[in-house]
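Trainee: Per numbering that gives the first Met the number 0, the sequence shown runs over residues 0 to 178. Every residue gets a Cβ at the ideal spot worked out from N, C-alpha and C, and that includes glycine. In this text the structure is predicted, and so the values were computed from the model without any measurement. Please see the structure below; I have some questions.
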Amino acid sequence: MTTPLDRPSARVIVIDGTDSVLLFRIEDPHDPKPPLWITPGGGIEPGEALCDAAARELAEETGVVVEPSELGEPVAACRGEWTFRGQALYSVDSFFAWRTERFEPSTAGWEPLERELHAAWRWWTIEELDTTREAILPALLVDVVRSITQGTIGPTPVELPWLNFDTIEVDPSTGTTES
């Protein structure tokens, strides 16, 4: 058994004026895992502060530039092991919340890997998050979004359960996750 490499990430829960959240659909052409939807964000560079990484990743993936201080402190976190193209990884994902008006993300700052993996993006309502059978990461994102929109998110980050997307199964007839 190989020891997983640490891969911490900083992610942003972007919520618009209608309380919808921006998610990206990830499809890896080199991996049989089913597609999943994630918040903008990614790996933290060595020596980079968490909020700086979140702002950098938001700019890279959406084209929207924010000052790291605008993101405040993380509102949620989750941690666990996963595999990317045969490499075992251990992630601690820290999630920031940012309210804004709806915008159309720009792909101009995407790295080659993002161009390869990001298949689509869309704004999801809370009701859609509640009822979808598609894989959404992190698990229980809808609860955090609901708390943010209701103004009930606390000062301590919510610890979310790790959903191991290595084991998500998809119904081939519908393309959705199986219960």
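Measure from the alpha carbon of Val74 to the alpha carbon of each residue in Gln86, Gly85, Glu59, Leu49, then state which is nearest.
Mentor: Answer by Cα proximity: Leu49.
Trainee: Would you give the residue range spanned by the beta strand (DSSP E) that Asp92 belongs to?
Mentor: Its beta strand (DSSP E) spans residues 86 to 98.
Trainee: Can you check which of these residues, Gly85, Ile37, Leu35, is closest to His29 by C-alpha distance?
Mentor: Comparing Cα-Cα distances from His29 to each of Gly85, Ile37, Leu35, the minimum goes to Gly85.
Trainee: Would you mind giving the Cβ-Cβ distance between Phe95 and Val11, rounded to the nearest angstrom? I have them listed as a contact below 8 angstroms.
Mentor: Indeed they touch by this definition, with Cβ atoms about 5 angstroms apart.
Trainee: Compute the Euclidean distance between the alpha carbons of Leu4 and Gly40, then round it to the nearest angstrom.
Mentor: Taking the straight line joining both Cα atoms gives about 18 angstroms.
Trainee: Which runs of the beta strand (DSSP E) at least 3 residues long sit entirely within the segment 12 to 76? Give them in chain order.
Mentor: DSSP runs (the beta strand (DSSP E)) wholly in the segment 12 to 76: 20 to 25, 35 to 37, 40 to 42.
Trainee: What span of residues does the beta strand (DSSP E) with Arg121 cover, start to end?
Mentor: 117 to 123 is the span of the beta strand (DSSP E), which, as asked, contains Arg121.
Trainee: State the start and end residues of the unbroken alpha helix (DSSP H) segment that holds Thr148.
Mentor: 140 to 149 is the extent of the alpha helix (DSSP H) around Thr148.
Trainee: Based on the DSSP secondary-structure assignment, which residues constitute the bridge partners of Leu128?
Mentor: Answer is none; Leu128 lacks a bridge partner.
Trainee: To which residues of the same chain is Arg98 closer than 7 angstroms at the C-beta, ignoring the five residues directly before and after it?
Mentor: Cβ neighbours of Arg98 beyond the five flanking positions: Ile14.
Trainee: With DSSP run on the structure shown, which of helix, strand or coil describes Arg114?
Mentor: It is helical.
Trainee: So is Pro45 buried or exposed if we call it buried at 16+ other beta carbons inside 10 Å?
Mentor: Exposed, because fewer than 16 other Cβ atoms sit within 10 Å of the Cβ of Pro45.
Trainee: Do you know whose CA, among Ile37, Pro7, Thr1, Trp81, lies nearest Trp123's CA?
Mentor: Nearest of Ile37, Pro7, Thr1, Trp81 to Trp123, Cα basis: Ile37.
Trainee: Please report the straight-line C-alpha distance between Pro137 and Pro111, rounded to a whole angstrom.
Mentor: Cα to Cα, the separation comes out at about 24 angstroms.
Trainee: Taking a contact to mean a Cβ-Cβ separation below 7 angstroms, would you say Val91 touches Arg78 in this structure?
Mentor: In contact: Val91 and Arg78 (Cβ atoms closer than 7 angstroms).
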